[in-house]
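Each remark here refers to the structure printed beneath this line.
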Amino acid sequence: MRPESACAPAPQPLSSPQFRAIWLASFCGNGALLILGVGAAWLMSGITASPRLVAAVQTAMMIPVMLFGMTAGAIADVYDTRRVALVALGVGGCGAALLAASVGTASVNSASLLLGCFLAGSGAALFAPAWQVSVRRQVPDQAVAQAIALNGIGYNVTRSIGPAIGGVIVAVGGASASFAAALALYLSAAAVFLCWQPAPEKREEPAISVGAAILSGIAYVAKTAPVRALVARALAIGMAGGSLSGLLPLVARRQLAGGADLYGILLGLIGLGSLIGAALVARLRVRFRSGRLVGGCTVATGICYAVIGSSGSVFVTGATLFLLGAAWVVMVTVLNIGVQSAVPHWIAGRTLAAYQAAIVGGVALGSWVWGVVAEEMGPAATLVFSGAVCAATAGLTRWLPVPDGTGLHHANE
1 MRPESACAPA PQPLSSPQFR AIWLASFCGN GALLILGVGA AWLMSGITAS
51 PRLVAAVQTA MMIPVMLFGM TAGAIADVYD TRRVALVALG VGGCGAALLA
101 ASVGTASVNS ASLLLGCFLA GSGAALFAPA WQVSVRRQVP DQAVAQAIAL
151 NGIGYNVTRS IGPAIGGVIV AVGGASASFA AALALYLSAA AVFLCWQPAP
201 EKREEPAISV GAAILSGIAY VAKTAPVRAL VARALAIGMA GGSLSGLLPL
251 VARRQLAGGA DLYGILLGLI GLGSLIGAAL VARLRVRFRS GRLVGGCTVA
301 TGICYAVIGS SGSVFVTGAT LFLLGAAWVV MVTVLNIGVQ SAVPHWIAGR
351 TLAAYQAAIV GGVALGSWVW GVVAEEMGPA ATLVFSGAVC AATAGLTRWL
401 PVPDGTGLHH ANE
């Protein structure tokens with residue numbers, strides 16, 4: 001079933017107090033990571049001139065999704081999602097506390113920065129599948145589709161305003177203020193989950209160990225051709241397009257001669273574009289086949305990278321980042337829809353985790369690889385080159401097709 005036809009008119013998810021509370025808590029949890037990331041990336045770009053180390057900040061924050069993604073998905077499928085979310089927020093809070101303490105005691109260095117980012121990223125990797133799967137405990141079955149859509153909107157709103165807020169905080173109070181703000185947001189989100197008392201979870205699959213759940217999840221992805229193709233495609237796109245996330249602080253600081261506030265604004269423009277892209281996904285899926293959408297957005301992403309690498313204008317770079325945000329979110333949303341349509345609920349956490357591990361882990365690895373390349377070529381030339389590589393991945397459609405996401409879920413139940 002296509003997602004645009006799956007939404008039931010009633011009941012409205014936001015009429016549920018517990019959904020509203022968790023929805024707002026997700027703003028805090030997801031926003032904390034974004035604000036922390038702005039502070040860490042900007043601080044790293046100030047203490048070292050190495051593009052490799054600056055890019056490593058994003059790698060440290062994202063690589064946990066690849067390393068622990070399947071484990072996190074299995075944990076979400078096996079254990080109580082509320083408790084899992086609490087642990088995840090605690091881990092993220094530890095990362096923020098470490099960074100705040102390092103700056104406060106003047107002991108911060110590249111190693112402590114990367115360790116704090118890795119902890120925050122590990123918390124995010126554990127939180128994401130638990131939060132997504134727990135939606136079925138917050139609203140009636142008829143409202144689940146709407147609730148999932150609202151969660152997606154909320155996440156994109158957070159992506160839009162979180163980095164901009166982080167940039168303002170860093171500009172006004174320094175990186176330490178961004179780490180303190182992130183810690184406060186983690187604690188606020190944890191308080192909401194601590195007070196939430198949901199009904200016991202209903203499991204469609206007999207209780208199994210986490211190890212067995214991981215193995216069954218890997219086996220399911222490996223044997224299910226549509227999911228296998230989507231995960232491989234996501235990994236390729238992530239690695240090819242991972243350059244900008246690591247090099248954008250250098251674009252803002254060196255290429256555009258800006259400060260932390262400009263860096264936050266540039267990130268916010270990507271998020272704002274993603275909001276527009278998210279609003280257009282349903283209409284675009286009606287008009288175009290999924291494979292063509294993903295291919296077109298991949299080429300558009302590559303072109304945007306080349307423009308950003310060549311531009312010395314704040315206006316041109318900002319406008320291009322806005323378009324990039326729209327193209328990127330359409331691309332990853334169509335892939336996400338394909339994955340969710342291809343699997344039954346009992347294994348949804350693991351397959352979603354596999355997809356997230358591929359796309360986010362690909363960006364993490366790509367960020368590090370392109371950072372190494374930038375040591376030799378420079379950030380601007382690296383962005384242009386990575387744009388060409390990203391656009392070239394559109395040719396993978398022949399070998400890694402993107403299904404249209406209709407009827408696959410029922411075929412697997």
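Here my numbering is used: position 20 in the sequence shown is 20, and no number is missing along the way. Just so it is clear, CB atoms sit at the ideal spot from N, CA and C, and this is done for glycine as well. On a predicted model such as this, the values are computed, not experimentally measured, just so you know.
Own chain partners of residue i with C-beta closer than 6 angstroms, once the 5 adjacent residues on each side are dropped
{"i": "residue 58", "result": "245, 246, 367"}
{"i": "residue 320", "result": "304, 307, 308"}
{"i": "residue 116", "result": "95, 98, 99"}
{"i": "residue 181", "result": "35, 169"}
{"i": "residue 192", "result": "21, 25"}
{"i": "residue 394", "result": "295, 298, 299"}
{"i": "residue 326", "result": "273, 276, 277"}
{"i": "residue 415", "result": "This structure cannot speak to residue 415, because the chain is shown only from 1 to 413."}
{"i": "residue 1", "result": "The predicted model places residue 1 with a pLDDT of 40, which falls under 50 and marks its position as unreliable; any figure quoted below should be read in that light. There are no such residues."}
Distance, residue j Cα to residue i Cα
{"i": "residue 176", "j": "residue 83", "result": "29 angstroms"}
{"i": "residue 139", "j": "residue 147", "result": "8 angstroms"}
{"i": "residue 439", "j": "residue 90", "result": "Absent from the structure is residue 439, since the part of the chain shown begins at 1 and ends at 413."}
{"i": "residue 284", "j": "residue 111", "result": "44 angstroms"}
{"i": "residue 324", "j": "residue 46", "result": "26 angstroms"}
{"i": "residue 346", "j": "residue 77", "result": "7 angstroms"}
{"i": "residue 254", "j": "residue 198", "result": "50 angstroms"}
{"i": "residue 156", "j": "residue 86", "result": "22 angstroms"}
{"i": "residue 132", "j": "residue 287", "result": "28 angstroms"}
{"i": "residue 227", "j": "residue 149", "result": "21 angstroms"}
{"i": "residue 400", "j": "residue 174", "result": "45 angstroms"}
{"i": "residue 60", "j": "residue 363", "result": "11 angstroms"}
{"i": "residue 113", "j": "residue 35", "result": "14 angstroms"}
{"i": "residue 16", "j": "residue 360", "result": "31 angstroms"}
{"i": "residue 32", "j": "residue 221", "result": "31 angstroms"}
{"i": "residue 290", "j": "residue 313", "result": "34 angstroms"}
{"i": "residue 20", "j": "residue 374", "result": "44 angstroms"}
{"i": "residue 18", "j": "residue 161", "result": "24 angstroms"}
{"i": "residue 257", "j": "residue 165", "result": "20 angstroms"}
{"i": "residue 239", "j": "residue 365", "result": "6 angstroms"}
{"i": "residue 124", "j": "residue 103", "result": "22 angstroms"}
{"i": "residue 62", "j": "residue 14", "result": "31 angstroms"}
{"i": "residue 377", "j": "residue 52", "result": "12 angstroms"}
{"i": "residue 263", "j": "residue 37", "result": "11 angstroms"}
{"i": "residue 179", "j": "residue 118", "result": "14 angstroms"}
{"i": "residue 101", "j": "residue 109", "result": "12 angstroms"}
{"i": "residue 388", "j": "residue 369", "result": "15 angstroms"}
{"i": "residue 398", "j": "residue 229", "result": "11 angstroms"}
{"i": "residue 171", "j": "residue 163", "result": "12 angstroms"}
{"i": "residue 338", "j": "residue 402", "result": "7 angstroms"}
{"i": "residue 50", "j": "residue 260", "result": "18 angstroms"}
{"i": "residue 196", "j": "residue 81", "result": "11 angstroms"}
{"i": "residue 252", "j": "residue 126", "result": "31 angstroms"}
{"i": "residue 211", "j": "residue 265", "result": "43 angstroms"}
{"i": "residue 218", "j": "residue 167", "result": "39 angstroms"}
{"i": "residue 79", "j": "residue 209", "result": "9 angstroms"}
Spatial neighbours of residue i in its chain, beta-carbon cut-off 8 angstroms, leaving aside the 5 residues before and after
{"i": "residue 54", "result": "41, 44, 45, 48, 246, 247, 249, 250, 371"}
{"i": "residue 5", "result": "Caution is warranted here: a pLDDT of 44 is assigned to residue 5, below 50, making its placement in the model unreliable, and the coordinate value is therefore given only provisionally. Closer than 8 angstroms at the Cβ level, and outside the excluded window around residue 5, lies no residue."}
{"i": "residue 152", "result": "278, 333"}
{"i": "residue 461", "result": "Outside the shown range of the chain, which is 1 to 413, sits residue 461, and nothing can be said about it."}
{"i": "residue 121", "result": "33, 60, 61, 62, 63, 64, 65, 95"}
Any C-beta of chain E under 8 angstroms from that of residue i
{"i": "residue 102", "result": "Any reference to chain E falls outside this structure, which holds one protein chain only."}
7 angstroms CB neighbourhood of residue i in its chain, flanking five on each side removed
{"i": "residue 396", "result": "233, 236"}
{"i": "residue 194", "result": "86"}
{"i": "residue 129", "result": "72, 73, 76, 349, 352, 353"}
{"i": "residue 154", "result": "23, 26, 27"}
{"i": "residue 214", "result": "70, 71, 74"}
{"i": "residue 144", "result": "135, 136"}
{"i": "residue 106", "result": "none"}
If you scan the stretch 323-402 from start to end, which runs of the alpha helix (DSSP H) of 4 or more residues do you find wholly inside it? If we require 4 residues or more, the alpha helix (DSSP H) runs fully inside the stretch 323-402 come out as 348-377, 379-392.
Taking contact to mean 3 or more Cβ pairs, one atom from each stretch, closer than 8 angstroms, check whether the stretch 53-71 and the stretch 177-190 are in contact. Result no; under three Cβ-Cβ pairs closer than 8 angstroms.
Runs of alpha helix (DSSP H) wholly within the stretch 151-175 (minimum 4 residues, chain order): Counting only runs of 4 or more, we get nothing.
Does the stretch 260-273 come close enough to the stretch 346-359 to have 3 or more Cβ pairs within less than 8 angstroms? They do not touch, by the three-pair rule.
What ranges does the alpha helix (DSSP H) occupy inside the stretch 221-258, keeping only unbroken runs of at least 4 residues that lie completely in it? DSSP runs (the alpha helix (DSSP H)) wholly in the stretch 221-258: 225-240, 243-250.
Of all the beta strand (DSSP E) runs that stay within the bounds of the stretch 59-97, which reach a length of 3 or more residues? Secondary structure within the stretch 59-97: not one fully enclosed beta strand (DSSP E) run of 3 or more consecutive residues is present.
Count Cβ pairs between the stretch 309-319 and the stretch 379-386 that sit closer than 8 angstroms; are there 3 or more? Yes: at least three Cβ pairs fall under 8 angstroms.
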